[in-house]
Amino acid sequence: MKHLVIVADGMADHPVERLGGKTLLQFADVPNMDALACNGRTGRLVTIPDGFSPGSDVANSVILGYDQEKVYEGRGPLEAASIGYEMRPGDLALRVSLISVDERGRIVNHHGGHVTTQESFQLIDCLNAELADDRLHFHTGSQYRHLLVIKGGNKHIECALPHDSINKDWHGLLVRPKEGYEHSGDDCYFDSLGVKHKRLSPEETSDILNDLILKSQGLLGKHKVNINRRSCGLPPANLIWPWGGGYRPSMLTLSEKYPEVRSGAVVSADNLIRGIGQYAGLKVVDVDGATGFADTNYEGKAKAAIDALRTDDFVFLHIEASDEAGHDGDLQLKLKTIEDIDLRVMGTICSELSDWKEPVCIALLPDHPTPVELRTHVDEPVPFLVYYPGIKPDSVSCYDEQSCMSGSYGLLRLQEFMEEIMKIK
Numbered sequence: 168m169k170h171l172v173i174v175a176d177g178m179a180d181h182p183v184e185r186l187g188g189k190t191l192l193q194f195a196d197v198p199n200m201d202a203l204a205c206n207g208r209t210g211r212l213v214t215i216p217d218g219f220s221p222g223s224d225v226a227n228s229v230i231l232g233y234d235q236e237k238v239y240e241g242r243g244p245l246e247a248a249s250i251g252y253e254m255r256p257g258d259l260a261l262r263v264s265l266i267s268v269d270e271r272g273r274i275v276n277h278h279g280g281h282v283t284t285q286e287s288f289q290l291i292d293c294l295n296a297e298l299a300d301d302r303l304h305f306h307t308g309s310q311y312r313h314l315l316v317i318k319g320g321n322k323h324i325e326c327a328l329p330h331d332s333i334n335k336d337w338h339g340l341l342v343r344p345k346e347g348y349e350h351s352g353d354d355c356y357f358d359s360l361g362v363k364h365k366r367l368s369p370e371e372t373s374d375i376l377n378d379l380i381l382k383s384q385g386l387l388g389k390h391k392v393n394i395n396r397r398s399c400g401l402p403p404a405n406l407i408w409p410w411g412g413g414y415r416p417s418m419l420t421l422s423e424k425y426p427e428v429r430s431g432a433v434v435s436a437d438n439l440i441r442g443i444g445q446y447a448g449l450k451v452v453d454v455d456g457a458t459g460f461a462d463t464n465y466e467g468k469a470k471a472a473i474d475a476l477r478t479d480d481f482v483f484l485h486i487e488a489s490d491e492a493g494h495d496g497d498l499q500l501k502l503k504t505i506e507d508i509d510l511r512v513m514g515t516i517c518s519e520l521s522d523w524k525e526p527v528c529i530a531l532l533p534d535h536p537t538p539v540e541l542r543t544h545v546d547e548p549v550p551f552l553v554y555y556p557g558i559k560p561d562s563v564s565c566y567d568e569q570s571c572m573s574g575s576y577g578l579l580r581l582q583e584f585m586e587e588i589m590k591i592k
């Protein structure tokens, strides 16, 4: 039995009055998801451990079966892996988002007005030319998502999440030392030659990051990329926002954790998910036109997952579009992404697999809800479905948050999901 896990990022939602009190999944036309639920088994999954924020880094790693108490280091190191940066001893890696702020200091959006990868490369080059030194360097990722590495930086800092800070004044959200953490002279690391070095304190690390944020406003605001964007009526990508910092994680590959996974692949436009996949020992599959937004190449991603299944035992297919629409608070766009996922991803997969001789287990779930009326992630169980040839269906006939409460899997917690999937042979 091969396994295909499909994550529709942020797809789960809350009841919406404008939809007659239904959730978006209940309101949307999703015949393929409903058919799989009707002919398979369903349940709900807790994807966020106690004490952790409901981030996609945590949730997707949990879905893959990783204990966050043992492996969690933050988003930065995972994104470092995805862009090919090999973290060295002592490195602090942080995600750096290009965001848009207005003249009053309010954060307008968390994605730099959908700044393009080509535009962002020019902006990151400018930051490196003016701000990089022997201790710190910016690394280009894609679109608004990039990386900052500080040699000897300290991870015990608190960074506001840009996607949770829309319409807030960024001056009041600057980086600060983590409350309750006491830095000592024993906070050291050894370089590749075995030489001992002292880490910066959380206070020193916070000061460096805040200085970079402040200086970036002047550099990016007057950059030709943003001058051109303003002239075209587009929001400028005029401030950096560092967050999600951590050191290199220690993770077993999926093959080491689960003997059933002899080989695997990950299909995603998101550097975070690609980085998780790399640490998990999965091959990263590139798809032309995969953007991470509502204009992504849905069919291309579905076909890439199918192609990977021809040679691999396990494929993790991640689709970001519904999460981005949720963060933007765009009800109609999120509905469209859900229906596109059903028709163009699930429909393509079901059609392609219908005549396969080798059985495939299909699992579908969000990693967390991103309610359009809240515009942020929430820590709540997500609905999931599991289907494979010969499965004994439960009584659930629709795929949505409410229906899956009656599913035969009940409420699973954390790594239990992957453990259940791996039992299907």
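When you line the sequence shown up against the working numbering, it's residues 168 to 592, in that order. Note that beta-carbon positions come from the ideal geometry of N, C-alpha and C, so glycine has one too.
Residue closest to residue i, alpha-carbon to alpha-carbon, out of the options
i	options	result
residue 578	552, 591, 589 and 432	552
residue 309	433, 288, 435 and 292	288
residue 548	179, 246 and 173	179
residue 193	546, 257 and 509	509
residue 258	283, 291, 229 and 316	316
residue 282	529, 458 and 560	458
residue 331	589, 494, 237 and 571	494
residue 261	305, 185 and 487	305
residue 350	224, 303, 372 and 419	372
residue 487	563, 460 and 284	460
residue 369	269, 388 and 347	347
residue 164	499, 202, 528 and 412	The question about residue 164 has no answer here: the residues shown for the chain are numbered 168 through 592.
residue 561	318, 355 and 204	204
residue 428	221, 222, 186 and 479	479
Which of helix, strand or coil DSSP assigns to residue i
i	result
residue 404	coil
residue 363	strand
residue 566	coil
residue 508	helix
residue 309	strand
residue 329	helix
residue 198	helix
residue 432	strand
residue 160	Residue 160 is absent from the model: the chain starts at 168 and stops at 592.
residue 460	coil
residue 541	coil
residue 315	strand
residue 183	strand
residue 292	helix
residue 497	coil
residue 368	coil
residue 219	coil
residue 225	helix
DSSP bridge partner residues for residue i (one or two, in chain order)
i	result
residue 267	276
residue 410	262
residue 530	172 and 553
residue 212	549 and 579
residue 344	324
residue 380	According to DSSP, residue 380 bridges with nothing at all.
residue 125	No answer is possible for residue 125: it lies beyond the span of the chain, which begins at 168 and ends at 592.
residue 450	432
residue 189	183
residue 357	363
residue 303	317
residue 336	273
6 Å Cβ shell around residue i - same chain, five flanking residues per side excluded
i	result
residue 512	465 and 469
residue 514	199
residue 396	403
residue 168	526, 528, 591 and 592
residue 448	420, 421 and 422
Environment of residue i [buried if 16+ CB atoms lie within 10 Å]
i	result
residue 483	buried
residue 409	buried
residue 556	exposed
residue 362	exposed
residue 453	exposed
residue 209	buried
residue 360	exposed
residue 322	buried
residue 438	buried
residue 426	exposed
residue 417	exposed
residue 584	buried
residue 462	exposed
residue 235	buried
residue 521	exposed
residue 300	exposed
Chain-order list of residues whose beta-carbon lies under 7 Å from that of residue i (same chain, five-residue window excluded)
i	result
residue 148	The chain is shown from 168 up to 592; residue 148 falls before or after that span and cannot be answered.
residue 445	248, 249 and 451
residue 383	294, 406 and 407
Sequence-distant residues of the same chain with beta carbon closer than 8 Å to residue i, five excluded per side
i	result
residue 377	341 and 342
residue 120	Residue 120 lies beyond the range of the chain shown here (168 to 592); nothing can be said about it.
residue 273	334, 335, 336 and 337
residue 311	264, 265, 266, 277, 278, 279, 281, 282, 287 and 404
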